[in-house]
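Here the structure comes first, spelled out in structure tokens, and everything after it is commentary.
Protein chains: 2
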Amino acid sequence: MIAGVAVIHLPMHRDVRGHLTELFSRDRPQPAGFVPAQWHVLASQAGTLRGMHAHALHDDLKITLAGEVVLGLKDLRRGSPSEGAGQLLGLSGAAYKGVLIPAGVAHGILAVTDSLVLVGVTLPYDGTDEFECAWNDPRLGIEWPTAPRLLSERDRQAGSLADLLAALEPHQPLWRGPGS
Amino acid sequence: MIAGVAVIHLPMHRDVRGHLTELFSRDRPQPAGFVPAQWHVLASQAGTLRGMHAHALHDDLKITLAGEVVLGLKDLRRGSPSEGAGQLLGLSGAAYKGVLIPAGVAHGILAVTDSLVLVGVTLPYDGTDEFECAWNDPRLGIEWPTAPRLLSERDRQAGSLADLLAALEPHQPLWRGPGS
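As given, the protein sequences belong to chains E and X, one line each in that order.
No gaps in the numbering here: position 24 of the first sequence is 7 in the numbering used here, and each next residue is one more.
No gaps in the numbering here: position 177 of the second sequence is 160 in the numbering used here, and each next residue is one more.
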């Protein structure tokens, strides 16, 4: 597991109608300390890959509301106990979880089926904290279960992991310690 | 339109992959002044009706993320310019909107198809601000497009609109003026 990545189980209150699931509470944030500035949703057709993306300043909380996705992660933080580690997480609308992705951990999300993913971010979006590299850079060491069918132009033209690390360098996404 | 009910259009940034849609931003809340304490999601099978429910103290923001629903509203606030008015709104995951429902406006949601509805609330849930009446009380004057197939026991056994008004009475959900 990548240090600082937290996976929170969200209890689903199910009945014959469907379910009611609390996603976030200001008074008892899960994970502790997460303060969302914005929420957005990503609707993705099966075969879509969004990534790899990284941020120097803000954290993401991702909750899969519907469908099946695979989340690929890579720790780019200098000094992190898991620096350089990669990880794959399968996430499903059948069992809600919140995944906190700290700044400096690159992430990509592959829609295995049509999917809806809710994303909370700790800083307002202004386009300046967005970095990317090719989803299939061999140095990522991420074994995606399938190749994507659908990519944005930005993601299709993204450079190497080395380029991403160089772009992040001046912003120093450092390991901030446990619980950060 | 019931006074104080706000319907906010949420721009969907669409491409071949699907869409990205901002749902809420702390720095420019839509509608202005809405401060969420909690977020939850309601997943409902087609034919589910959740309602009629009312709150004396907290406001709801409802966003249909997937599927088709009909939202039924009834203004129970004494002194409101639209006191006693009923309203039906059709909402769809194909065109995201946020609907602000002020305290004192009763609401019910009928899932026309399987649906996902995101709900933001302005007070933490503690079970004390929940009131209900039968979805088909004739005094509601709400012309549901179809009868529901699925109701909770609470909703099936709910009393009359008169009972609901009596239960709300000590809590006085008053009209708080435009922009409230």
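The beta-carbon is built from N, C-alpha and C at its ideal position, and this holds for glycine as well.
message: Quick check on E:Asp26 - is its C-beta less than 9 Å from some C-beta in chain X?
response: Reading off the sequence, residue 26 of chain E comes out as Ala, not Asp. Judged by the 9 Å Cβ criterion, E:Ala26 is in contact with chain X.
query: From the beta carbon of X:Asp(-2), is the nearest beta carbon of chain E less than 9 Å away?
result: yes
message: In the DSSP output, which residue or residues are listed as bridge partners for X:Ser135?
response: None, per the DSSP bridge assignment.
- prompt: Nearest chain E C-beta to X:Asp120 closer than 9 Å, yes or no?
  reply: no
E:Trp127 versus E:His90: straight-line alpha-carbon distance, rounded: 12 Å
- prompt: Beta-carbon separation of X:Ser27 and X:Leu134 under 9 Å?
  reply: Contact flag unset, no.
query: Hey, E:Glu66 and E:Arg60 are a contact pair by Cβ (cut 8 Å); roughly how many whole angstroms apart?
result: 6 Å
- prompt: When burial is assigned at 16 or more other CB atoms within 10 Å of the CB, is X:Ala39 buried or exposed?
  reply: buried
Listed by chain order, chain C residues near E:Gln21 by CB distance under 9 Å: Among the protein chains of the structure shown, namely E and X, there is no chain C.
- request: Taking E:Leu99 as the query, report the chain X residues whose CB atoms sit under 8 Å from its CB, ordered along the chain.
  value: Leu48, Ala49, Leu99
message: Assuming contact is defined by CB atoms lying nearer than 9 Å, are E:Leu72 and E:Asp138 in contact in what I supplied?
response: no
Chain X within 9 Å of E:Leu93, Cβ atoms only: no
message: When you compare the CB of X:Leu123 with every CB in chain E, is at least one pair closer than 9 Å?
response: no
E:Ala150 (DSSP reduced to helix, strand or coil): helix
message: Rounded to whole angstroms, what is the Cα-Cα separation between E:Pro156 and E:Asp42?
response: Each residue's Cα considered, the two are about 11 Å apart.
- prompt: Is the Cβ of E:Ser163 closer than 9 Å to any Cβ of chain X?
  reply: With a pLDDT of only 49 at E:Ser163, under the threshold of 50, the placement of this residue in the model should not be trusted; the figure read from the coordinates follows. Cβ-Cβ to chain X under 9 Å: no for E:Ser163.
- request: Classify E:Ala117 as buried or exposed, calling it buried when 16 or more other Cβ atoms lie within 10 Å of its own Cβ.
  value: Buried: at least 16 other Cβ atoms inside 10 Å.
message: Measuring straight from C-alpha to C-alpha, what distance separates X:Leu74 and X:Thr47?
response: 6 Å
- request: Please report the Cβ distance between X:Trp22 and X:Leu101, rounded to the nearest whole angstrom; I am assuming they are in contact, meaning their Cβ atoms lie under 8 Å.
  value: 6 Å between Cβ atoms; contact.
query: Contact check, X:Leu44 vs X:Pro19 under 8 Å by CB: the rounded distance?
result: 7 Å
- prompt: Taking C-alpha atoms, which residue in X:Lys80, X:Asp120, X:Ala68, X:Leu54 lies nearest to X:Glu5?
  reply: Among X:Lys80, X:Asp120, X:Ala68, X:Leu54, the Cα nearest to that of X:Glu5 belongs to X:Lys80.
query: First and last residue of the beta strand (DSSP E) that includes E:Asp(-2)?
result: -5 to -2
- request: Could you check which residue in E:His154, E:Ser143, E:Ala145, E:Ile84 has the C-alpha nearest to that of E:Met(-16)?
  value: E:Ile84
query: Apart from the five residues just before and just after E:Asp97, which ones in its own chain have a Cβ nearer than 6 Å to its Cβ?
result: Gln28, Ala29, Gly50
- prompt: Going by alpha carbons, who is nearest to X:Leu151 out of X:Ala130, X:Glu136, X:Asp112?
  reply: X:Asp112
- prompt: Tell me the DSSP bridge mates of E:Thr31?
  reply: Residue pairing by DSSP places E:Thr31 opposite E:Leu133 in a beta bridge.
- prompt: When the Cα atoms are used, what is the spatial distance from E:Asp146 to E:Asp120?
  reply: 11 Å
message: Quick check: is the beta carbon of E:Thr31 nearer than 9 Å to any beta carbon in chain X?
response: yes
field: Nearest to E:Leu99 (by Cα), restricted to the options E:Glu115, E:Gly87, E:Val88, E:Ala77
entry: E:Ala77
- prompt: Going along the stretch 101 to 115 of chain E in order, which residues come within less than 7 Å of chain X, judged by CB to CB distance?
  reply: Pro107
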